[in-house]
Amino acid sequence: MSAIILDGKSLAESVRAEVKVGVDAFRAKHGRVPGLDVVLVGEDPASQVYTRNKEKASNEVGMRGRLHRLPADSSEASVLALVAQLNADPLVDGILVQLPLPKQVNEQKILDLIVPEKDVDGFHPINVGLLASGRPGLVPCTPVGCMRLLKLAGVDLKGARAVVVGRSNIVGKPIAQLLLAEHATVTIAHSRTRDLPAVCREADVLVAAVGKAEMVRGDWIKSGAVVVDVGINRVDSGKGDGKTRLVGDVALEEAKERARAITPVPGGVGPMTIACLLQNTLTAATRRATQG
Ligand code: GUN
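Dropping the structure here:
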């Protein structure tokens, strides 16, 4: 078997096109465009790339995207003050504080201050609770992107066995909730799980979100399973040229021989995250404009 490759790049393009249409309609109706404000504290190289891409992508769909850069030695009070200012600004619909934050800034305190209706990351405890209780809120972007890719694969989740490897608040836990809401039987596995390969072999749908390069091997995958690889790991190219390449949490070439469909790295889940962030920002703006 050679798996169908689930093309996140082209799906993300169509999501962005949908959002652009929505932004045009929002402008016509409300006389302004949705606003996304991204906060970057410090100079982490990956975070700099991610936040610049978020700002650029929001402007490309016609939103007002802004990036606020604060120095690495910023006090917690100064980050809280910026979040408070964005909370109070009526033209700001979405606030995203890029993680990780420098160690002098308490992540939980910052995330808890973002008003839930502008929390486009879906990390505020109110949004976490709404997701867990099946009520409408804002849902973390990467898990939403994964679900759209599963839809693209035509997976019938009802009664399916889903295994999520990884229990992070950003990906593992929220995607487990989304799979459960679609009536899958969900297992959340993690670094302490006994006989992880055997647990993975049970999965009709396997989601890998651990951040360990190519940890999930081909023989961990049930024949015909659908595999979603959330990992983005930079490793040596292996060619002795000093260069690096990106790999996921799944050994792609091995997995292709067993899976029915798989998201590649790069070009799978990654591009969907920003597209779903734009979708969340439009949703937040629409709710704020219509619900006051
Ligand atoms: N850092 C890595 N992923 C994310 C994300 O989805 N949101 C934020 N705010 N920071 C991140």
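First residue of the sequence shown? That's 21 in the working numbering, and the numbers climb one at a time after it.
Even for Gly, the Cβ is constructed at its ideal location relative to N, Cα and C.
Please read all numbers here as calculations on a predicted model, not as lab measurements.
**Message:** For LEU297 and VAL191, I'd like the C-alpha separation in whole angstroms.
**Reply:** 14 Å
**Prompt:** Does the separation of the CB atoms of PRO110 and VAL159 fall below 9 Å?
**Reply:** no
**Request:** Could you please give the first and the last residue of the uninterrupted beta strand (DSSP E) stretch that includes THR207?
**Result:** 205 to 209
**Message:** Considering only DSSP beta bridges, list what ARG237 is partnered with.
**Reply:** For ARG237, which the question treats as bridged, DSSP gives no partner whatsoever.
**Request:** Quick one: grab the DSSP three-state call for ALA281.
**Result:** strand
**Request:** Assign ASN9 to one of three DSSP states: helix, strand, or coil.
**Result:** Since the displayed the chain opens at 21 and closes at 312, residue 9 lies outside it and no answer follows.
**Prompt:** In terms of residues, what are the limits of the beta strand (DSSP E) holding GLY149?
**Reply:** GLY149 -> not in any beta strand (DSSP E); alpha helix (DSSP H) instead, spanning 145 to 152.
**Prompt:** Looking at the unbroken alpha helix (DSSP H) that takes in THR301, where does it start and where does it end?
**Reply:** 289 to 311
**Message:** Taking DSSP's pairing of strands, which residues face ASP64 in a bridge?
**Reply:** ASP64 pairs with nothing; no bridge assigned.
**Prompt:** What residue range is occupied by the uninterrupted alpha helix (DSSP H) comprising VAL164?
**Reply:** 161 to 172
**Request:** Could you please give the first and the last residue of the uninterrupted beta strand (DSSP E) stretch that includes ARG84?
**Result:** 84 to 90
**Asked** Any contact of the region 173 to 184 with the region 192 to 211, i.e. 3+ C-beta pairs under 8 Å?
**Response** yes
**Prompt:** Thinking just about the alpha-carbon of each residue, which of GLU38, MET21, GLU234 is nearest to the one in ILE252?
**Reply:** GLU234
**Cutoff 7 Å; reference ALA271; Cβ partners in own chain excluding five residues on either side** = GLU234, VAL236, ARG237, GLY238
**Given ALA275 as reference, the closest of SER257, PRO136, GLY244, GLY55 once Cα atoms are compared** = GLY244
**Request:** Using 8 Å as the cut-off, classify the Cβ of PHE143 as near or not near the heavy atoms of the ligand GUN, replying yes or no.
**Result:** yes
**Message:** Is GLN197 a contact residue of the ligand GUN, with contact defined as CB to any heavy atom under 8 Å?
**Reply:** no
**Message:** Less than 9 Å between the C-beta atoms of GLY55 and GLY82, yes or no?
**Reply:** no
**Message:** Tell me the rounded alpha-carbon separation between LEU198 and ALA97.
**Reply:** 35 Å
**Prompt:** What number of angstroms, rounded off, separates the C-alpha of GLY231 from the C-alpha of VAL255?
**Reply:** 12 Å
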